[in-house]
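Chemist:
Number of protein chains: 2
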Amino acid sequence: MLNPAGQGAKTLGQNRDDVRQHNLSALLRMIHQSGTVSRSQLATSSGLNRSTISDLVSELGDLGLVYETEASATGVGRPSLQVSASDQVVAFAVNTDVDAVTVGVVTLSGDVIAKKRYPTANQPTAEKAASIAAKLINELRADLKAGTRIVGVGVAVPGQVRVVDGVIRLAPHLGWVEIPFGPMLSQLTGLPVYADNDASLGCVAERIYGNAKGFTDVVFLFAGSGGIGGGVVVDGVQLRGAAGYAGELGHVRISDTSVKDYSGLEGTLESLVRRDDLLDVFKLYAATDDELLVEISRTQTAKAVKMIESQIDNLAAALGNFVNIFNPQVIILGGFIAGLFTRDSERLITGLRSNSLAAANERVIIREGGLGSNLLMIGAALLPFNELTANPSTTRLYPAKEKATKS
Amino acid sequence: MLNPAGQGAKTLGQNRDDVRQHNLSALLRMIHQSGTVSRSQLATSSGLNRSTISDLVSELGDLGLVYETEASATGVGRPSLQVSASDQVVAFAVNTDVDAVTVGVVTLSGDVIAKKRYPTANQPTAEKAASIAAKLINELRADLKAGTRIVGVGVAVPGQVRVVDGVIRLAPHLGWVEIPFGPMLSQLTGLPVYADNDASLGCVAERIYGNAKGFTDVVFLFAGSGGIGGGVVVDGVQLRGAAGYAGELGHVRISDTSVKDYSGLEGTLESLVRRDDLLDVFKLYAATDDELLVEISRTQTAKAVKMIESQIDNLAAALGNFVNIFNPQVIILGGFIAGLFTRDSERLITGLRSNSLAAANERVIIREGGLGSNLLMIGAALLPFNELTANPSTTRLYPAKEKATKS
DNA sequence: GAGGTTTGTTGCCTGTGACAACATAATAGG
DNA sequence: CCTATTATGTTGTCACAGGCAACAAACCTC
Chain F
-15 MLNPAGQGAK TLGQNRDDVR QHNLSALLRM IHQSGTVSRS QLATSSGLNR
35 STISDLVSEL GDLGLVYETE ASATGVGRPS LQVSASDQVV AFAVNTDVDA
85 VTVGVVTLSG DVIAKKRYPT ANQPTAEKAA SIAAKLINEL RADLKAGTRI
135 VGVGVAVPGQ VRVVDGVIRL APHLGWVEIP FGPMLSQLTG LPVYADNDAS
185 LGCVAERIYG NAKGFTDVVF LFAGSGGIGG GVVVDGVQLR GAAGYAGELG
235 HVRISDTSVK DYSGLEGTLE SLVRRDDLLD VFKLYAATDD ELLVEISRTQ
285 TAKAVKMIES QIDNLAAALG NFVNIFNPQV IILGGFIAGL FTRDSERLIT
335 GLRSNSLAAA NERVIIREGG LGSNLLMIGA ALLPFNELTA NPSTTRLYPA
385 KEKATKS
Chain L
-15 MLNPAGQGAK TLGQNRDDVR QHNLSALLRM IHQSGTVSRS QLATSSGLNR
35 STISDLVSEL GDLGLVYETE ASATGVGRPS LQVSASDQVV AFAVNTDVDA
85 VTVGVVTLSG DVIAKKRYPT ANQPTAEKAA SIAAKLINEL RADLKAGTRI
135 VGVGVAVPGQ VRVVDGVIRL APHLGWVEIP FGPMLSQLTG LPVYADNDAS
185 LGCVAERIYG NAKGFTDVVF LFAGSGGIGG GVVVDGVQLR GAAGYAGELG
235 HVRISDTSVK DYSGLEGTLE SLVRRDDLLD VFKLYAATDD ELLVEISRTQ
285 TAKAVKMIES QIDNLAAALG NFVNIFNPQV IILGGFIAGL FTRDSERLIT
335 GLRSNSLAAA NERVIIREGG LGSNLLMIGA ALLPFNELTA NPSTTRLYPA
385 KEKATKS
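Chains F and L, in that order, give the protein sequences.
Each residue of the first sequence is one higher than the last, beginning at -15 in my numbering.
Each residue of the second sequence is one higher than the last, beginning at -15 in my numbering.
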């Protein structure tokens, strides 16, 4: 069919062929997002006929993307076949951070089956990071079971990424400017590489697998050692903006102060809610996220309490803005700001209410993230998987071993 | 076909029937948005075959929604038939404001063919406003040419509207709280009534007919006597949020000050960029928008200049936030803030740049709105027209005259 | 007026999903 | 244990939408 012109249209493709592709894509997406679904469930939630589902699923099976198993009977009637996403189809997930490059292997069924972290002394240069990532990918690729097929590589970057071509425009903590990271890594690995902002990917991951599962309007805020990043899902679709830089929620100005954040902007959320400030009052010079969370939850020092309260108030002001702007169903907090929320959720909620319109804030749910340390692996892998689910029958897959070897 | 599950999916409708409906809808939307298009243009931009276009357009013609005219030849080859949206199909547009209720008649072809303004002494109650609107609608309906068919009524409200059922949750300037305005007006007129926030509708109108035409990512900011409203289009789709309250850009906090806006929120854009403050320094007690714009552009008083500069700086801070959040292609300014922009565009742009990330702001275009006083009429009429374009063959149309009368 | 070009029209064809009938596998109840 | 009921998978047929090719029509250029 044909996309509605002007309204979110990209291509106005033809019709006859596209119906089939569209339905294949929709089914594969459902299966991917659920991991395992029964055929009958696919039929009811898609509205397609049983016979059509049968036909489409078998085509996905022929493509090696899904497989069917007989279900243990659960109720009256003939038990429906269970359709599962293949775990023979994988994507590599890459996260380039200040202190390490991490690469994981994620299956289409949603599991992180391998992960390697390569610590770096200081911020690596982009060339260094790319070669580390390529090395880890090749190692992990060699360890894959024979028959495994690779969709591609997804990269989660703490900075602004031009999504169309994988160029990193600016990653302040890494000191990277205008780096064609996607093409570089693609050349080194021979695989298609997709890149996006880390927090945006985290948001989508939380929406599909985490604590925002089932919601269509999500605001995600993640605070790490490298400042505060954000991601937004609007009506089930990731907010990207004209060039893919949308969702920079940490750099939203909420105050007149001239304190600068890591990107040089004044009075922003990121400049006022700082991990380092907390470490200072706790007199810690370095700490893991877990240690910091413990400290936030138990401290009673007047000075520390005051700092925490001030950060909660600033966070509340920013969240109020996001509620006015997006009217989300759920706000997901990750990193140490989740600790601020659990420390004094009432203060945060009160502050949020006083900074936003009642109509918009009355039903908002605030939650911690649910994916923990696998967040960015799962998020980054969604990039190649989205390519696959969009075009199930035409996306090229790559073999586990580059050259034929006896195994 | 089938909407991609989870990704912006509402209903997962069937397939076979829907293709036709979908294509009809897409064509009608193209025709509606362009006013007049050639068949060959429809074919190329939709990707459908000539013969299919012919078939679909003739069906739209049978439905009385479009008509074809022979084109004057423009180049080589047989001239393509021009397809135009019917001006026999109309919608009523209603705007309830502090000092008046305005009702217009807008054709599917995009023209405002009639408009009546009914001034009110103070803020009207909702009942009063509904009965005025109904009275004006009935008067305008009686004047319609025989054969005209009515799609419905669209209402633009300065406040938060629950879009699904047309309930006005809060319209601070009007003093309305929890008013089922849509159902009220529907009962009085016997027509389907749709309602939405005025600025959101203005944004969509500017995108389709005004200075944001052709862009997919738009931020719209409108400042009137009743504060500052906003609307956003993301990837060609209006930002609505979970319940339809999204886009309240005027209530975004950008400062620590405790100045309150009309909704009681502190330090927001609306509290800092105020029409009344400008009137004060100009020593005007009341002024039309045009008078105010003239004053803004020509004043040289030190006090007034300072006020204008301060407002520009605050506006720039807010726009910087929106650029970081949405990464839009274009920002449209309406009302007196458009005057701030033309007064000193350089200051505004400099301020915007210092408040946003370079990657996101480097290509942003700032413009005034292009629809003038018809903005809200065109915007409100889009609500019923969207219903029609979504379901061209099933939407019920209403006759101009309620009862058969000899004419 | 002839040739080239673009578009509308017509009849036929293909692919896709719906549908109905039947087969299969479970539960429920006696 | 057998039958009735329910829900699902499978198969063959059918309807329908859009593609396609051939032809006709309307324009331009020379």
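Glycine included, every Cβ here is placed at the ideal spot set by N, Cα and C.
Values in this document were obtained by computation on a predicted structure and should not be read as measured data.
If we cut at 8 Å on Cβ distances, does residue 157/F have a partner in chain L?
Modeler: Within the first sequence, residue 157/F is the residue found at index 173, counting from 1. Chain L contact via Cβ: absent.
Chemist: Counting C-beta neighbours from all protein chains within 10 Å, is the total for residue 136/F 16 or more, i.e. buried, or is it exposed?
Modeler: The residue you call residue 136/F lines up with position 152 of the first sequence. Buried: at least 16 other Cβ atoms inside 10 Å.
Chemist: Pull up the distance between the alpha-carbon of residue 141/F and that of residue 226/F, whole angstroms please.
Modeler: As a working note, residue 141/F is residue 157 in the first sequence. As a working note, residue 226/F is residue 242 in the first sequence. Using only the alpha carbons, I get a separation of about 19 Å.
Chemist: Pair every Cβ in the region 368 to 386 of chain L with every Cβ in the region 332 to 346 of chain L, then say whether three or more of these pairs are closer than 8 Å.
Modeler: With the cut-off at 8 Å, the region 368 to 386 of chain L and the region 332 to 346 of chain L do not touch.
Chemist: Using a C-beta cutoff of 8 Å, does residue 344/F count as contacting chain L?
Modeler: The residue labelled residue 344/F in the question sits at position 360 within the first sequence. The beta carbon of residue 344/F sits closer than 8 Å to some beta carbon of chain L.
Chemist: Indicate the three-state DSSP secondary structure (helix, strand or coil) for residue 202/F in the structure shown.
Modeler: Position 218 of the first sequence holds residue 202/F. Strand at residue 202/F.
Chemist: In terms of residues, what are the limits of the alpha helix (DSSP H) holding residue 337/L?
Modeler: Here the question's residue 337/L lines up with position 353 in the second sequence. It spans 329 to 338 - the alpha helix (DSSP H) in which residue 337/L sits, taken as one unbroken run.
Chemist: Hey, could you find the ends of the alpha helix (DSSP H) residue 401/L is sitting in?
Modeler: The structure shown does not extend to residue 401/L, since chain L is modelled only from -15 to 391, so the question has no answer here.
Chemist: Rounded to whole angstroms, what's the CA-CA distance from residue 248/F to residue 209/L? Just pull it up for me.
Modeler: Position 264 of the first sequence, counting from 1, holds the residue named residue 248/F. Position 225 of the second sequence, counting from 1, holds the residue named residue 209/L. The straight-line gap from Cα to Cα measures roughly 35 Å.
Chemist: Any beta carbon of chain F sitting closer than 8 Å to that of residue 312/L?
Modeler: Counted from its first residue, the second sequence places residue 312/L at position 328. Yes - at least one Cβ of chain F is within 8 Å of the one on residue 312/L.
Chemist: Which residues, in order along the region 233 to 253 of chain F, keep a beta-carbon less than 7 Å from a beta-carbon of chain L?
Modeler: 233, 235, 236, 237, 238, 239, 240, 247, 249
Chemist: Start and end of the alpha helix (DSSP H) containing residue 162/L?
Modeler: Residue 162/L sits at position 178 when you count from the first residue of the second sequence. Premise fails: residue 162/L lies in the beta strand (DSSP E), 160 to 163, not in any alpha helix (DSSP H).
Chemist: To the nearest angstrom, report how far apart residue 388/L and residue 131/L are at their CA atoms.
Modeler: Taking the first residue of the second sequence as position 1, residue 388/L is located at position 404. Taking the first residue of the second sequence as position 1, residue 131/L is located at position 147. Low per-residue confidence applies at residue 388/L: pLDDT is 46, beneath 50, and the placement is therefore not dependable, though the value from the model is reported in the following sentence. So the alpha carbons of these two residues sit roughly 12 Å apart.
Chemist: Identify the contact partners of residue 231/L in chain F, using a Cβ-Cβ distance below 9 Å as the criterion.
Modeler: Residue numbering aside, residue 231/L sits at position 247 when the second sequence is read from its first letter. In chain order: 308, 309, 310, 311.
Chemist: At which residues does the beta strand (DSSP E) containing residue 80/L begin and terminate?
Modeler: Start at 1 with the first residue of the second sequence, and residue 80/L comes out as number 96. Looking at the DSSP string, the run of the beta strand (DSSP E) that includes residue 80/L is 73 to 80.
Chemist: Between residue 246/L and the rest of its own chain, which residues show a CB-CB distance below 8 Å, the 5 nearest in sequence each way excluded?
Modeler: Against the second sequence, residue 246/L aligns to sequence position 262. The residues are 156, 157, 210, 211, 254.
Chemist: Per DSSP, residue 244/L forms a beta bridge with which residues?
Modeler: As a first step, residue 244/L must be located in the second sequence, where it is residue number 260. Its beta-bridge partners are 250/L.
Chemist: Can you name the start and end residues of the beta strand (DSSP E) that residue 283/L belongs to?
Modeler: Taking the first residue of the second sequence as 1, we reach residue 283/L at position 299. No beta strand (DSSP E) holds residue 283/L; DSSP gives it neither H nor E.
Chemist: In its own chain, which residues sit with a C-beta less than 6 Å from the C-beta of residue 380/F, not counting the 5 before and 5 after it?
Modeler: Position 396 of the first sequence, counting from 1, holds the residue named residue 380/F. So the list is empty, once near-sequence residues are dropped.
Chemist: Measure the Cβ-Cβ separation of residue 215/L and residue 237/L and say whether it is below 8 Å.
Modeler: As a first step, residue 215/L is located in the second sequence; it is residue number 231 there, counting from the start. As a first step, residue 237/L is located in the second sequence; it is residue number 253 there, counting from the start. Not closer than 8 Å, so no.
Chemist: Please name the residue in 98/F, 179/F, 35/F whose C-alpha comes closest to that of residue 368/F.
Modeler: As a position in the first sequence, residue 368/F is number 384, starting the count at 1. When each option's Cα is compared against that of residue 368/F, the closest is 179/F.
Chemist: Step through the CB atoms of chain L and report whether any lies within less than 8 Å of the CB of residue 305/F.
Modeler: Here residue 305/F refers to the residue found at position 321 when the first sequence is read from its first residue. At least one chain L Cβ lies under 8 Å of residue 305/F.
Chemist: Could you round the C-beta distance between residue 257/L and residue 321/L to whole angstroms and report it? I think they count as a contact, below 8 Å.
Modeler: For this step, residue 257/L is matched to residue 273 along the second sequence. For this step, residue 321/L is matched to residue 337 along the second sequence. About 7 Å separates the two Cβ atoms, so the contact holds.
Chemist: Going straight from the alpha carbon of residue 33/F to that of residue 120/F, what length do you get?
Modeler: As a first step, residue 33/F is located in the first sequence; it is residue number 49 there, counting from the start. As a first step, residue 120/F is located in the first sequence; it is residue number 136 there, counting from the start. The straight-line gap from Cα to Cα measures roughly 45 Å.
Chemist: So, for residue 153/F: in the same chain, excluding its five sequence neighbours on each side, which residues have a beta-carbon less than 8 Å away from its beta-carbon?
Modeler: On the first sequence, position 169 is the one that residue 153/F refers to. Excluding residues within five positions, the ones whose Cβ falls inside 8 Å are 143, 144, 145, 146, 161, 162, 229.
Chemist: Return the first residue and the last residue of the beta strand (DSSP E) that residue 91/F is part of.
Modeler: Position 107 of the first sequence, counting from 1, holds the residue named residue 91/F. Element bounds for residue 91/F: 84 to 91.
Chemist: I want to verify the contact list: residues of chain L whose CB lies under 7 Å from the CB of residue 339/F, in sequence order.
Modeler: For this step, residue 339/F is matched to residue 355 along the first sequence. The answer, in chain order, is 237, 249.
Chemist: What are the partner residues of residue 66/F, as DSSP defines its beta bridges?
Modeler: Sequence index remark: in the first sequence, residue 66/F carries index 82 (1-based). DSSP lists 22/F, 53/F as the bridge partner or partners of residue 66/F.
Chemist: Taking 8 Å as the cut-off, does the region 0 to 19 of chain L touch the region 34 to 54 of chain L (at least 3 CB pairs, one atom from each stretch)?
Modeler: Taking 8 Å as the limit for Cβ pairs, the verdict is that the region 0 to 19 of chain L does touch the region 34 to 54 of chain L.
Chemist: If you draw a straight line from the C-alpha of residue 81/F to the C-alpha of residue 166/F, how long is it?
Modeler: Translated into the one-based positions of the first sequence, residue 81/F becomes position 97. Translated into the one-based positions of the first sequence, residue 166/F becomes position 182. About 15 Å.
Chemist: Skipping 5 residues on each side, what residues in its chain have a beta carbon closer than 8 Å to that of residue 133/F?
Modeler: One-based indexing of the first sequence puts residue 133/F at position 149. Closer than 8 Å at the Cβ level, and outside the excluded window around residue 133/F, lie 48, 72, 73, 74, 381, 382, 383, 384.
Chemist: Residue 358/L: which of 95/L, 25/L, 5/L sits nearest, CA to CA?
Modeler: Position 374 of the second sequence, counting from 1, holds the residue named residue 358/L. It is 95/L whose Cα lies nearest to the Cα of residue 358/L.
Chemist: Could you tell me if residue 364/F is buried or exposed, where buried requires 16 or more neighbouring beta carbons within 10 angstroms of its beta carbon?
Modeler: Here residue 364/F refers to the residue found at position 380 of the first sequence. Label assigned to residue 364/F: buried.
Chemist: With 8 Å set as the bound, which would you pick, yes or no: does the beta-carbon of residue 223/L sit closer than that to a beta-carbon of chain F?
Modeler: Translated into positions along the second sequence, residue 223/L becomes position 239. Cβ-Cβ to chain F under 8 Å: yes for residue 223/L.
Chemist: Please report the distance separating the alpha-carbon of residue 170/L from that of residue 177/L.
Modeler: Looking up residue 170/L in the second sequence gives position 186. Looking up residue 177/L in the second sequence gives position 193. One C-alpha to the other measures close to 5 Å.
Chemist: Quick one: what does DSSP say residue 363/F is sitting in, helix, strand or coil?
Modeler: Numbered from its first residue, the first sequence carries residue 363/F at position 379. Three-state DSSP puts residue 363/F in a helix.
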